[in-house]
Amino acid sequence: MGQVMEPTVGDVVITADQIAARVAELGAEITHDYAGRPPLLVGVLKGAFVLMADLAREIALPVTFDFMAVASYGAATASSGVVRILKDLDVDLEGRHVLVVEDIVDSGLTLHYLLRNLSVRGPASLEVCAFLVKDGQQRIELPVNYVGFHIPPRFVVGYGLDHAGRFRHLPYIAHLDGAE
Ligand code: IMP
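Add 593 to a position in the sequence shown, counting from 1, and you land on the number used in my numbering.
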């Protein structure tokens, strides 16, 4: 029987310092744009939990939080576009200024589904902050108002992003070797 090789962390794509600097910039932009109408931050679990914690502390407004958990059906590193809600929001979105916080937009199908789902709940506004957007991959036009970084279409891990449940804790974004 051949030995199964576990994927390993490859080159660092975005360092912890670069992440911190960009998150501070995003927080400042959001603080400016949402002055007088503090947003409800909706984090998409599990990937967004690290960004949520950092971003919220860079927003100088009385933000509130809620979380949704979603899972895409299908292969581990390719998005099928079919989304299952594992945990729905606790709060009512009626009249709220909702800012969805996403870890990464690849095909965009997960976010597209989420936005359709949330928009019918009557929010006063609905915008998106995605930490990473993979260039040239979107299969659908998406209104992403705040983007941390555009990256090439390669699988990455760290800063909340996993492969088979691993690597979410890494303080940087790195390529994954041996998975594709
Ligand atoms: P989309 O529906 O194709 O945009 O995929 C979005 C979801 O797929 C993200 O919320 C992640 O959970 C996952 N995903 C896409 N690309 C990556 C990656 O490079 N690393 C880790 N997870 C990813």
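Note that CB positions come from ideal geometry on N, CA and C, so glycine has one too.
Heavy atom of the ligand IMP within 7 angstroms of residue i beta-carbon
{"i": "Phe-748", "result": "yes"}
{"i": "Ile-678", "result": "no"}
{"i": "Val-713", "result": "no"}
{"i": "Ile-697", "result": "yes"}
{"i": "Leu-702", "result": "yes"}
{"i": "Val-648", "result": "In the sequence under discussion, the amino acid at residue 648 is Leu, which differs from the Val named in the question. Flag unset: Cβ of Leu-648 not near the ligand IMP."}
Assumed close pair residue i, residue j - CB separation to whole angstroms, cut-off 8 angstroms
{"i": "Gly-753", "j": "Phe-642", "result": "6 angstroms"}
{"i": "Val-676", "j": "Val-693", "result": "Going by Cβ atoms, the distance from Val-676 to Val-693 rounds to 13 angstroms, so no, they are not a contact pair."}
Within 8 angstroms, strictly: CB atoms of residue i and residue j
{"i": "Ile-766", "j": "Val-740", "result": "no"}
{"i": "Asp-610", "j": "His-768", "result": "no"}
{"i": "Val-684", "j": "Leu-638", "result": "no"}
{"i": "Leu-702", "j": "Ile-678", "result": "no"}
{"i": "Asp-770", "j": "Thr-608", "result": "no"}
{"i": "Ser-712", "j": "His-690", "result": "no"}
{"i": "Arg-714", "j": "Glu-687", "result": "yes"}
Heavy atom of the ligand SAM within 7 angstroms of residue i beta-carbon
{"i": "Leu-754", "result": "By its list of ligands, the structure shown excludes the ligand SAM, since it contains just the ligand IMP."}
Inset, instruction - Would you list, in sequence order, the uninterrupted alpha helix (DSSP H) runs of no fewer than 4 residues that lie entirely inside the stretch 599 to 671? - result: 609 to 626, 642 to 649
Q. At a cut of 8 angstroms, does the stretch 733 to 751 reach the stretch 696 to 708 through at least three beta carbon pairs?
A. yes
Notebook entry, point to check: Taking the runs of the beta strand (DSSP E) that are 3 residues or longer, which of them lie wholly in the stretch 737 to 761?
Noted result: Whole beta strand (DSSP E) segments, 3+ residues: 739 to 744.
Answer yes if the stretch 644 to 655 comes into contact with the stretch 619 to 633, meaning at least three C-beta pairs across the two stretches below 8 angstroms, and no otherwise. yes
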